[in-house]
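**Q** Residues in the sequence shown are numbered consecutively from 1, following the UniProt record's numbering. Here a beta-carbon is modelled for each residue, glycine too, at the ideal position from N, C-alpha and C.
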Amino acid sequence: MMRLMGQVFAGRYELVDLVGAGAHGSVWRVWDRRERRYVAGKVLSQADSVAIVRFIREQGLRFEHQHIVAPLGWVGEDDRVMFTMPLVRGGSLSTLLSDYGALPERWVLLIADQLLSALEVVHAAGVVHRDVKPHNILLSPGNQPHVWLSDFGTAVTVDEDVPRLTRLHHVVGTPGYLSPEAAVGADPDPLQDLYAAGVVLWQAVTGERPPRDGAPVVSAALAVTALGGFIVGLLAPAGSRTESAAEARRQLRRIPLPSEQPDEPIEVFDQVPALPDGWGTPDVTPSAFAARVDVPTVVGPAPEVGQSAPLAERSARRLWPLVLSGMVSAIGLLLLVAAAVVWFS
């Protein structure tokens, strides 16, 4: 893996250092020579056609929003493909919960509002994320929460005429965060993301991991609090669950935000290591360069707290022909055939 260090993709993206690795590839800090900024780059082998198709699918779901990680682009070279995205430096909510356990109520309320504001925009675009969990909620470093909803590789549009990358009635998601209806193969629905958000908030309040099967148990002591009652509404059966992210945010704003307590210091630390020797250009944060990203379809302005997101146009329908064309030219016929098998199976 480290032999890739210093390699330049497409004459533009130089791999600086490895910052993470997973089942589907490696994540690098990358120097963008053209824009002169650091970004994150996920490097995949072209042999992993399913993962590549999912990442290309994610490129067509771009949301310009202060709490959503927007993909920047992708390039193919030799036997590898690299997808670039903003470099979010604070790790994930999963990391924060591992460090601190249960979070103060103030932090949970702020995280809830930011996460729901992201889901409000996603759902307004007719998209269901399908994998809301702490690992996919990234954080900027600092002593106040700033979350970023990431990883739209399994997201799906609810439009009937847009191709899907997974079969209907096929269970997609992470055990423990699946709503009861999603766990038995129900069609994607925004309510399923709200259930997952409820599990995330329950985990942030209790510091406990959710059970893999069945809903987390909200204790009587938690249920009688305003925040606990709010979480119960998100975890309710589909027929009585909070009806939308916008409605959830309206309910959330009725809960008073506690003042910051000096005896409850929480800080999100920078999880990206120092630059290797020879690299010294200052990093640029996602919020600083978001305005410079050439986003072909904007899903709407970032809503302020207290406002509902506007109904957005569906980006996926217009971008699919371009995505398919790019797949053919950059990855080749073999990947296209593999993608088609996954697509229509």
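1. Count the other C-beta atoms from every protein chain shown that fall within 10 angstroms of the C-beta of R29, then say buried if there are 16 or more, exposed otherwise.
2. In the structure shown, what three-state DSSP assignment does A245 receive?
3. Roughly how many angstroms lie between the CA atoms of L227 and L275, to the nearest whole one?
4. Is it buried or exposed, G76, if we count other Cβ atoms within 10 angstroms and call 16 or more buried?
5. Are the segment 131–147 and the segment 29–46 touching by the rule of at least three beta carbon pairs closer than 8 Å?
6. Does the pairing of the segment 167–184 with the segment 109–121 give three or more beta-carbon distances under 8 Å?
7. Can you tell me whether P31 is helix, strand or coil according to DSSP?
8. Quick one: measure Cβ to Cβ for Q251 and F230, integer angstroms, because I've assumed they're closer than 8 Å.
9. Does the separation of the CB atoms of G126 and V172 fall below 9 Å?
10. Give the straight-line distance between the Cα atoms of G153 and P175, rounded to the nearest whole angstrom.
11. Report the residue ranges of all beta strand (DSSP E) runs contained in full by the segment 71–99; include only those spanning at least 3 residues, in chain order.
12. Between Q261, E243 and V200, which lies nearest to E120 when the distance is taken from Cα to Cα?
13. Using beta-carbon positions only, say whether V53 and V272 come within less than 9 Å of one another.
14. Please confirm whether P237 has its beta-carbon closer than 9 Å to some beta-carbon of chain C.
15. What residue range does the alpha helix (DSSP H) around A118 cover?
16. Starting from Y195, trace the alpha helix (DSSP H) in both directions and tell me its first and last residue.
17. At which residues does the alpha helix (DSSP H) containing A10 begin and terminate?
18. Which residues does DSSP pair with W148 in a beta bridge?
19. Tell me the DSSP secondary structure of F40 in three-state form.
20. From this set, S94, E260 and D48, which residue's C-alpha is nearest I137's C-alpha?
21. Could you have a look at A183 and say whether DSSP puts it in helix, strand or coil?
22. Do you know how far the Cα of Q144 is from the Cα of H67?
23. If you compare alpha carbons, which of P210, V81, R89 and E35 is closest to S45?
24. Compare the beta carbon distance of Y177 and V200 with 9 Å and say whether it is the shorter of the two.
25. How is I68 classed by DSSP in three states: helix, strand or coil?
26. Grab the span of the alpha helix (DSSP H) containing I56 for me, first residue to last.
27. Using CA atoms only, rank isn't needed, just tell me which of H135, F83, R253 and V205 is closest to A51.
28. Look at the alpha carbon of L235 and the alpha carbon of D193, and state the distance between them as a whole number of angstroms.
29. Is A274 helix, strand or coil by DSSP?
30. By the three-class DSSP mapping on this structure, what secondary structure does L18 have?
**A** In short:
1. Locating residue 29 in the sequence shown gives position 29, counting from the first residue. It counts as buried.
2. The residue you call residue 245 lines up with position 245 of the sequence shown. Looking at A245 - three-state DSSP - the assignment turns out to be helix.
3. Within the sequence shown, residue 227 is the residue found at index 227, counting from 1. Within the sequence shown, residue 275 is the residue found at index 275, counting from 1. Going by the C-alpha atoms only, they are around 41 Å apart.
4. Here residue 76 refers to the residue found at position 76 of the sequence shown. Counting Cβ neighbours within 10 Å, G76 comes out buried, since at least 16 surround it.
5. no
6. no
7. Counting from one through the sequence shown, the residue named residue 31 turns up at place 31. The residue asked about is misnamed: residue 31 is Trp in this sequence, not Pro. It is a strand residue.
8. Taking the first residue of the sequence shown as position 1, residue 251 is located at position 251. Taking the first residue of the sequence shown as position 1, residue 230 is located at position 230. Contact flag correct, Cβ pair sits at about 6 Å.
9. Stepping through the sequence shown from its first residue, residue 126 is reached at position 126. Stepping through the sequence shown from its first residue, residue 172 is reached at position 172. Taking 9 Å as the Cβ cut-off, G126 and V172 do not qualify as a contacting pair.
10. The count along the sequence shown starts at 1 and reaches residue 153 at position 153. The count along the sequence shown starts at 1 and reaches residue 175 at position 175. Their backbone Cα atoms lie some 17 Å apart in a straight line.
11. 73–77 and 80–85
12. Working through the sequence shown from its first residue, we reach residue 120 at position 120. Of the listed residues, the one whose Cα sits closest to E120 is E243.
13. Mapped onto the sequence shown, residue 53 falls at position 53. Mapped onto the sequence shown, residue 272 falls at position 272. Between V53 and V272, the CB-CB gap reaches or exceeds 9 Å.
14. The structure shown contains no chain C; it is built from a single protein chain.
15. As a first step, residue 118 must be located in the sequence shown, where it is residue number 118. E105 to A124 is the extent of the alpha helix (DSSP H) around A118.
16. In the sequence shown, the residue the question calls residue 195 occupies position 195. Where Y195 is concerned, the enclosing alpha helix (DSSP H) stretches over P190 to T206.
17. Reading the sequence shown from its first residue, position 10 is the one you call residue 10. If you look at A10, you'll find it isn't in any alpha helix (DSSP H); DSSP assigns it neither H nor E.
18. Numbered from its first residue, the sequence shown carries residue 148 at position 148. Looking at the DSSP assignment, W148 forms a beta bridge with L138.
19. Reading the sequence shown from its first residue, position 40 is the one you call residue 40. Per the sequence presented here, residue 40 reads as Ala, with Phe not at that position. Strand at A40.
20. Residue 137 sits at position 137 when you count from the first residue of the sequence shown. The option with the nearest alpha carbon to I137 is S94.
21. Walking along the sequence shown from the start, residue 183 turns up at place 183. Here A183 sits in helix by DSSP.
22. One-based indexing of the sequence shown puts residue 67 at position 67. One-based indexing of the sequence shown puts residue 144 at position 144. When rounded, the distance between both Cα atoms is 14 Å.
23. Translated into the one-based positions of the sequence shown, residue 45 becomes position 45. Residue V81 is the option with its Cα nearest to S45.
24. Your numbering for residue 177 matches position 177 in the sequence shown. Your numbering for residue 200 matches position 200 in the sequence shown. Yes, these two residues count as a Cβ contact at 9 Å.
25. Position 68 of the sequence shown holds residue 68. Strand, per DSSP.
26. Residue mapping note: residue 56 aligns to position 56 of the sequence shown, counting from 1. Taken as a continuous stretch (DSSP letters only), the alpha helix (DSSP H) holding I56 covers S49 to Q59.
27. Position 51 of the sequence shown, counted from the first residue, corresponds to residue 51. With distances taken between Cα atoms, A51 lies closest to F83.
28. Walking along the sequence shown from the start, residue 235 turns up at place 235. Walking along the sequence shown from the start, residue 193 turns up at place 193. Approximately 10 Å between the Cα atoms of the pair.
29. Working through the sequence shown from its first residue, we reach residue 274 at position 274. DSSP places A274 in coil when its eight states are reduced to three.
30. On the sequence shown, position 18 is the one that residue 18 refers to. Under the three-state reduction of DSSP, L18 is assigned to strand.
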